[in-house]
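*Asks:* Per numbering that gives the first Met the number 0, the sequence shown starts with residue 0, numbered consecutively.
Every residue gets a Cβ at the ideal spot worked out from N, C-alpha and C, and that includes glycine.
Before we start, here is the structure in question, set down as structure tokens.
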Amino acid sequence: MKKAIVTGSNSEIGFAICEFLISYDYYVIACFHNNHDRIEKLKSDNITMRKVDLTKESEIEALKKENADLIVNVAAYYFDDYLQEVKKNDFMRTLEVNVVAPLLLAKTIKKGKIISISSTDAIDTYNELNITYAASK
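Given below as structure tokens:
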């Protein structure tokens, strides 16, 4: 059985991807940050939920032992703020989750496939409140 790691598994997109992969006989490690109420609804022997803080390299590194065939990176950090009001700490967290974590996740897979997903907010630059998210994606 193939094994997949899905970050952001509790989001609508992440949940749908987990559901899809399970239907294709993948064993899924469903990574979430805080909440896992949505992903708990997937009743399957082919899923394990794992709390992972994508700003902590050690927690990402721990996923290496899973020997995944596929990583689907759905997780993202997003906050609304006008450019003039953005604080460096918030932007750095955005970069850690949206840019650095996918790189570190890629290093956890020996061979296989990596898919990174973004919402359309990454290209909808007309919204001045999502400038940090768009810059990170």
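1) Mind pulling the beta strand (DSSP E) runs of 3 or more residues that sit fully within the region 58-103?
2) Can you check DSSP and say which residues form a bridge with Val27?
3) When you compare only the Cα positions, how much space is there between Met91 and Lys112?
4) Do you know whose CA, among Pro101, Glu18, Ala75, Val71, lies nearest Asn33's CA?
5) Any idea if Asn47 is buried or exposed, counting beta-carbon neighbours within 10 angstroms, 16 or more meaning buried?
6) Quick check: what's the CA-CA separation for Thr54 versus Ile12?
7) I'd like to know whether the C-beta atoms of Leu104 and Ile70 end up nearer to each other than 8 Å.
*Replies:* Taking the definition as stated:
1) 69-72
2) Ala3, Ile46
3) 27 Å
4) Ala75
5) In the sequence under discussion, the amino acid at residue 47 is Thr, which differs from the Asn named in the question. Exposed.
6) 21 Å
7) yes
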